[in-house]
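Peer 1: Read top to bottom, the protein sequences are chains A and B. Under this note's numbering, think of the first position of the first sequence as 16, with each following residue one higher. Under this note's numbering, think of the first position of the second sequence as 140, with each following residue one higher. Glycine included, every Cβ here is placed at the ideal spot set by N, Cα and C. Got a structure for you, written out below as structure tokens; questions coming shortly.
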Amino acid sequence: MSSFTIDCLFAVAFVLPLVGVVLSLLTRRFSWNNTLVQSIFILSGFAGLIAGSYFFALLGIGNSASFNATFFGLVNIALNSMQVFFLMLVYGGVLLTSLYAIQSLPPYKDVYVLPTLNVASAFFIVGMQATILSPSLFTFLMAWEIMSVSAYFLVIADRSDESLRAGWLYFVMTHIGFACIAAGLLLLAGGNLFASWHDVALSALSATPLAISVAFVLLFAGFGSKAGLVPLHQWLPYAHPQAPSGSSALLSGVMLKVALFGFIQGVALFPFVPSFSAFLVIGIGLLSAFFGALRAAVENDAKRVLAWSSIENMGLIFSAVGIYLLVHGSPDSAVSAIAPSIALFIILHTVNHFIFKTGLFMAVGAVASKTHTRNLDELGGLAQRWPIFAGIFLALSLAAAALPPFGTFFGEWTYFQTLASGMTVSALFGGSFALILALLALVGGLALFAYVRMFSAIFLGRARTTHAEQVSPMPILLWLPPLSSVLLSITAGLFLFPILSAPNAFTEGMTLFGDVAVLGGASMNAWWVLLSVLSIGVLLMVFRRFLSNRNPARITDTWDCGQPITPRMQYTATGFSAPIRFFFKSILMSEKELIIEPISMSNPWIVRRRLVWSIQSFFEYWLYRPIGIAVFAVSHAVKKLQNGVIQLYLLLVICALVLTLATTL
Amino acid sequence: MTYLLITFQALVVLLSAPLVVGMVRTLKARFQNRQGPSIFLPYVSMLSLLRKEMTITKHSSWVFRVVPFVVLGSAFFLALVVPSLFFGIVPSSLDNIFLFGAVVALGSVFLVLGGMDTGSTFGNMGSSREMTLAALVEPAFYVSLATLALATGAWGMGGIIGHFTSLPWLVAVPPVIVTLIGFLFVLLAENARYPVDNPATHLELTMVHEAMILEYSGTYLAMLEYASAIKLTALLAVCMGILIPFGISAPPVTFFGLGVALIAFFGKLALGAFAIAFIESVIVKMRFYRMQEYMMLAFFIALLGLAVELIVLYH
């Protein structure tokens with residue numbers, strides 16, 4: 016377990032996807048091409064996970080010590096535990112999604128060009144790793160661009176019109192984000208493109224407060240647009256669902272975390288954060304969380320529900336980052352004591368969101384590949400065909416809705432409890448934390464609604480289409496990776512939660528089974544919760560066995576008022592969310608209209624009736640549309656200059672020359 | 140000894156749950172100038188349901204059969220952690236307020252799944268409504284719980300009740316009165332009572348809870364009805380325990396103390412049942428599509444309660 020082993024393993028993990036690129040192109044004519052490349056990705060992820068575990072075993076978890084990765088003397092990168100933590104998310108994601116891609120991609124070999132898709136995936140994986148590993152500004156921007164551009168090719172993989180539109184939107188938004196990031200970092204670095212992070216931090220010391228503020232806003236906008244924060248989230252619900260499901264899982268489960276990493280690393284470069292910054296981050300984070308959850312609750316495309324939920328969860332994480340910025344380093348020890356508990360939530364939720372979102376994207380992809388639809392209104396009744404898979408999906412949905420006994424619950428509990436305990440600090444904190452707590456509870460409620468709705472629309476009741484009625488059995492590699500996500504989610508509560516809450520306390524006699532205490536002395540114990548769940552379950556089984564009528568149940572029809580009922584009479588997902596659409600009408604800008612068209616001129620009673628309903632994007636209407644209108648107006652005004660008369664153009668050239676001379680002299 | 144006390148306390152809640160439902164029904168009947176059934180009728184009807192044959196629709200999956208267990212299990216958990224007779228006996232990691240809220244939500248979620256797994260519009264409609272209510276009541280619920288915790292400096296149900304028993308009534312209770320009103324709103328919504336739901340009918344289009352469990356019969360129906368009775372009792376016990384903390388004590392427990400606690404507990408339940416019956420007799424059910432007004436009101440009252448508490452705390 017030497018440092019040389021870690022070094023080798025990280026190098027292997029980094030290089031293997033590139034080997035995959037070469038092999039993918041060389042063997043593109045063979046049928047086993049995809050399996051070979053995915054196996055190489057799996058190996059890469061596996062090597063990386065082992066390297067990361069070695070790292071933490073060697074250096075401990077809570078330490079700020081760094082490890083020099085040399086990659087055989089080629090470079091010298093001081094890896095810290097935060098980098099390795101995010102790298103492990105990448106490796107974990109690669110491992111699960113590549114395992115899944117072995118069987119999920121081949122049925123689509125007419126839709127995607129598999130060798131090129133795998134090349135794009137490989138560059139994407141390498142780009143994400145390089146972004147995290149980057150020791151300097153220039154390599155960071157390069158790696159970021161590799162990641163973004165290869166993600167574009169993942170989005171347009173099926174070359175449909177819809178994907179091309181989504182890809183275009185993504186491409187524009189990601190480059191606006193890239194420009195913001197580059198500008199912000201260069202402002203900090205004093206214009207030195209080749210500065211290492213250390214140099215950037217040094218030169219940021221001499222930056223003016225105004226430059227610092229501008230740089231912060233630019234970085235937040237840049238990384239925030241990648242993380243899908245409102246109002247720069249516009250591309251995410253279109254782009255993420257268009258990629259193949261395994262890649263969607265990587266995009267939503269891992270790439271958003273790389274954006275979070277970039278933001279945290281960027282903020283660490285600041286000598287001080289401007290006073291408004293914490294409020295900006297908290298506000299935007301909460302807005303994203305609320306808006307994401309609300310749209311997830313009314314969306315009909317299963318993968319888009321997940322994409323909106325990613326916006327929600329990134330919003331939650333960013334709001335916590337904002338609170339961390341607010342309380343961290345405060346001279347008041349009661350205030351700064353909030354910071355560790357908030358950090359615990361950020362870490363836990365980053366892991367938990369990665370786990371359940373990766374699993375859910377793969378699970379939804381499996382459903383879509385068997386039923387040929389992602390529309391929740393057309394699915395249903397799958398729990399009777401796939402009982403085990405339904406159980407996996409249900410567990411993932413409950414994990415996503417932050418219910419016990421899954422890991423997500425313990426993460427969110429940490430957040431709620433910290434906010435509640437933080438109210439005792441001062442009246443100001445009390446009031447603002449109360450509002451945040453209330454909003455988080457609403458977000459939690461809406462997320463609950465969204466996931467219950469999605470699960471019941473896909474799996475419960477009766478099948479609505481013949482595809483859904485006659486689905487074939489699920490191949491093992493399509494349900495094994497989501498099942499691993501379920502197990503990981505429970506493990507995150509049982510192990511990660513106690514370990515991360517007190518990383519250094521295990522040497523002092525603390526055990527895994529002890530209570531986890533956060534701010535204010537409140538405590539929680541995942542083992543007790545799981546134990547009580549299991550024991551109450553056993554107790555009820557025993558009661559059922561001995562106290563009730565033991566005759567087998569009679570299987571009958573659903574109660575139908577004497578008239579046969581059809582699958583079409585069930586509530587659709589659209590109908591299920593009707594109350595939410597009604598209650599949040601003004602925010603969702605939802606409209607319902609009954610269109611009546613006469614058929615016969617002579618009889619006004621013979622008409623065709625149609626109900627149309629729509630949801631408009633609040634931000635598209637109030638933010639993007641006015642900007643678009645303004646841009647068009649300006650370009651129309653400028654058009655007047657281009658009247659085709661050469662004399663005017665000459666005059667303009669002279670004016671420009673004079674102006675340039677005047678400013679330079 | 141502690142485990143014995145926890146078991147005893149849970150058993151008392153579990154055994155008295157049908158009685159609360161019976162009391163509410165009978166008192167309501169009296170308000171309507173009817174004789175009303177015996178208050179022990181729910182025991183009889185649940186026991187007879189246990190012996191009946193079950194019918195299960197062929198359009199359901201295993202989820203339908205798991206639902207009663209999870210719903211009743213979550214209700215058992217509530218009965219276990221609510222300090223109805225004693226406080227300070229349940230481990231503080233199990234009676235945490237946010238875990239309490241999450242377990243209530245878990246029960247609601249599975250009830251909703253049960254209603255969705257029938258292939259009938261009726262259950263689906265109830266589910267859609269219940270899920271909306273459960274989602275929107277969450278802010279008021281969590282804010283009231285957090286206020287109670289803030290007022291008492293304890294993060295568990297036991298600690299909260301313990302605070303109120305240790306201080307004179309006039310010092311401890313008045314600051315949280317507003318919060319208790321907010322909590323009452325939550326209680327009515329969570330337990331499908333007026334003005335959110337009508338628990339008495341099966342065939343009105345306005346209802347929520349009864350629509351979801353329409354396809355259940357026999358043992359499973361008994362389990363679900365029992366679960367809703369326990370949930371009502373547990374939340375009522377919290378509410379009444381704060382309003383009238385008399386009788387609740389910490390170990391060591393004497394026989395005299397135990398007797399007082401039991402009598403006080405049943406007295407409080409009777410009073411709570413009377414209050415619910417009274418409320419249900421003087422107000423009408425709201426239209427479902429006006430529920431957001433109710434939820435907003437509940438939320439603002441809960442927030443007002445928190446504001447009052449912050450003022451008390453910092454001035």
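Identify the continuous alpha helix (DSSP H) that holds T196 (chain B) and give its terminal residues.
Peer 2: T196 (chain B) -> not in any alpha helix (DSSP H); beta strand (DSSP E) instead, spanning 194–196.
Peer 1: Do F371 (chain A) and A304 (chain A) count as a contact pair if the criterion is CB distance below 9 angstroms?
Peer 2: No, Cβ-Cβ distance for A304 (chain A) and F371 (chain A) is not below 9 angstroms.
Peer 1: Interface residues of chain E around S471 (chain A) at Cβ under 8 angstroms?
Peer 2: As a matter of chain content, chain E is missing from the structure shown, whose protein chains are A and B.
Peer 1: In three-state DSSP terms, what is P224 (chain A)?
Peer 2: Correct three-state label for P224 (chain A): helix.
Peer 1: Taking the straight line between their C-alpha atoms, what separation do you get for V273 (chain A) and K241 (chain A)?
Peer 2: Roughly 9 angstroms between the two C-alpha positions.
Peer 1: Comparing the C-beta of K370 (chain B) with each C-beta of chain A, is any distance below 9 angstroms?
Peer 2: No - not a single Cβ of chain A is within 9 angstroms of the one on K370 (chain B).
Peer 1: State the beta-bridge partners of R625 (chain A) as determined by DSSP.
Peer 2: Beta-bridge pairing links R625 (chain A) to A:I610.
Peer 1: Could you name the residues of the stretch 326–343 of chain B whose beta carbon sits closer than 7 angstroms to any beta carbon of chain A, in the order they occur along the chain?
Peer 2: Residues passing the 7 angstroms Cβ filter: none.
Peer 1: Let me check understanding here. Comparing Cα to Cα, which of A:C195, A:L676, A:L394 lies closest to T480 (chain A)?
Peer 2: The residue with the shortest Cα to Cα distance from T480 (chain A) is A:L394.
Peer 1: For L180 (chain B) and I300 (chain B), I'd like the C-alpha separation in whole angstroms.
Peer 2: The alpha-carbon atoms of L180 (chain B) and I300 (chain B) are separated by roughly 31 angstroms.
Peer 1: Counting only the same chain and skipping the five closest in sequence on each side, list residues whose C-beta sits under 7 angstroms from that of G321 (chain B).
Peer 2: Once the five neighbours on either side are set aside, the close Cβ partners of G321 (chain B) are A279, S283, A437, I440, A441, G444.
Peer 1: Give a yes or no on whether the minimum CB-CB distance between S305 (chain B) and chain A is below 9 angstroms.
Peer 2: Chain A contact via Cβ: absent.
Peer 1: Please classify F444 (chain A) as buried or exposed, where buried requires at least 16 other C-beta atoms within 10 Å of its C-beta.
Peer 2: Buried, since its Cβ has 16 or more Cβ neighbours within 10 Å.
Peer 1: For A683 (chain A) and T386 (chain A), which I take to be in contact (beta-carbon distance under 8 angstroms), what is that distance rounded to the nearest angstrom?
Peer 2: Residue coverage of chain A in this structure runs from 16 to 680, which leaves residue 683 (chain A) outside it and unanswerable.
Peer 1: I357 (chain A) touches chain B at which residues, Cβ-Cβ below 9 angstroms?
Peer 2: Per Cβ cutoff of 9 angstroms: no residues; I357 (chain A) is ~16 angstroms from chain B at best.
Peer 1: Does DSSP classify D316 (chain A) as helix, strand or coil?
Peer 2: Strand.
Peer 1: Apart from the five residues just before and just after L666 (chain A), which ones in its own chain have a Cβ nearer than 6 angstroms to its Cβ?
Peer 2: Answer for L666 (chain A): no residue qualifies.
Peer 1: Starting from the Cα of M379 (chain B), find the closest Cα among B:R426, B:V312, B:A339 and give me that residue.
Peer 2: The residue with the shortest Cα to Cα distance from M379 (chain B) is B:V312.
Peer 1: Since T571 (chain A) sits in a beta bridge, which residues does DSSP pair it with?
Peer 2: According to DSSP, T571 (chain A) bridges with B:T196.
Peer 1: Take I505 (chain A) and list the residues in its own chain whose beta-carbon comes closer than 8 angstroms to its own, dropping the five residues that flank it on each side.
Peer 2: Counting only Cβ-Cβ distances below 8 angstroms, and skipping sequence neighbours, we find P420, F421, G422, L545.
Peer 1: Can you tell me whether DSSP reads M140 (chain B) as helix, strand or coil?
Peer 2: Three-state result, M140 (chain B): coil.
Peer 1: Any C-beta of chain B sitting closer than 9 angstroms to the C-beta of P594 (chain A)?
Peer 2: Output row for P594 (chain A): interface = yes.
Peer 1: Look up M16 (chain A) in the DSSP assignment and say whether it is helix, strand or coil.
Peer 2: For M16 (chain A), the pLDDT reaches just 48, beneath the cut-off of 50, and the residue's location in the model is therefore unreliable, leaving the point undetermined.
Peer 1: Identify the contact partners of M143 (chain A) in chain B, using a Cβ-Cβ distance below 8 angstroms as the criterion.
Peer 2: Near M143 (chain A) there are no residues of chain B at all, since even the closest Cβ is about 33 angstroms away, more than 8 angstroms.
Peer 1: So, helix, strand or coil for L475 (chain A), using DSSP?
Peer 2: Coil, per DSSP.
Peer 1: Here's the rule I'm using: 16 or more other beta-carbon atoms within 10 Å means buried, otherwise exposed. How should Y115 (chain A) be labelled?
Peer 2: Classification of Y115 (chain A): buried, given that the 10 Å Cβ count is 16 or more.
Peer 1: Could you confirm whether any beta carbon from chain A is found closer than 9 angstroms to the beta carbon of F322 (chain B)?
Peer 2: F322 (chain B) does not count as touching chain A.
Peer 1: At what residue ranges does the stretch 29–114 of chain A contain a whole run of the beta strand (DSSP E), taking only runs of 3 or more?
Peer 2: List check, beta strand (DSSP E) in window: 82–84, 92–94.
Peer 1: Does the stretch 310–318 of chain A come into contact with the stretch 330–340 of chain A, if we say contact requires no fewer than three beta-carbon pairs (one atom in each stretch) closer than 8 angstroms?
Peer 2: No: the two stretches stay apart, fewer than three of their Cβ pairs being nearer than 8 angstroms.
Peer 1: Does any C-beta atom of chain A lie closer than 9 angstroms to the C-beta of I300 (chain B)?
Peer 2: False, the Cβ-Cβ gap to chain A never drops below 9 angstroms.
Peer 1: Within 10 Å of its beta-carbon, does P32 (chain A) have 16 or more other beta-carbons around it, so buried, or fewer, so exposed?
Peer 2: P32 (chain A) should be labelled buried.
Peer 1: Using a Cβ-Cβ cutoff of 9 angstroms, what residues of the stretch 423–446 of chain B are near chain A? List them in chain order.
Peer 2: Taking 9 angstroms as the Cβ-Cβ cut-off against chain A, the residues of the stretch 423–446 of chain B that qualify are F427, Y428, M430, Q431, M434, F438, A441, L442, L445, A446.
Peer 1: What does F424 (chain A) touch in chain B if you count any residue whose Cβ is under 8 angstroms from its own?
Peer 2: Those within 8 angstroms of F424 (chain A) in chain B are A241.
Peer 1: Give the DSSP-derived three-state secondary structure of F179 (chain B) in the structure shown.
Peer 2: Three-state result, F179 (chain B): coil.
Peer 1: Roughly how many whole angstroms lie between the Cα atoms of T523 (chain B) and V202 (chain B)?
Peer 2: The question about residue 523 (chain B) has no answer here: the residues shown for chain B are numbered 140 through 454.
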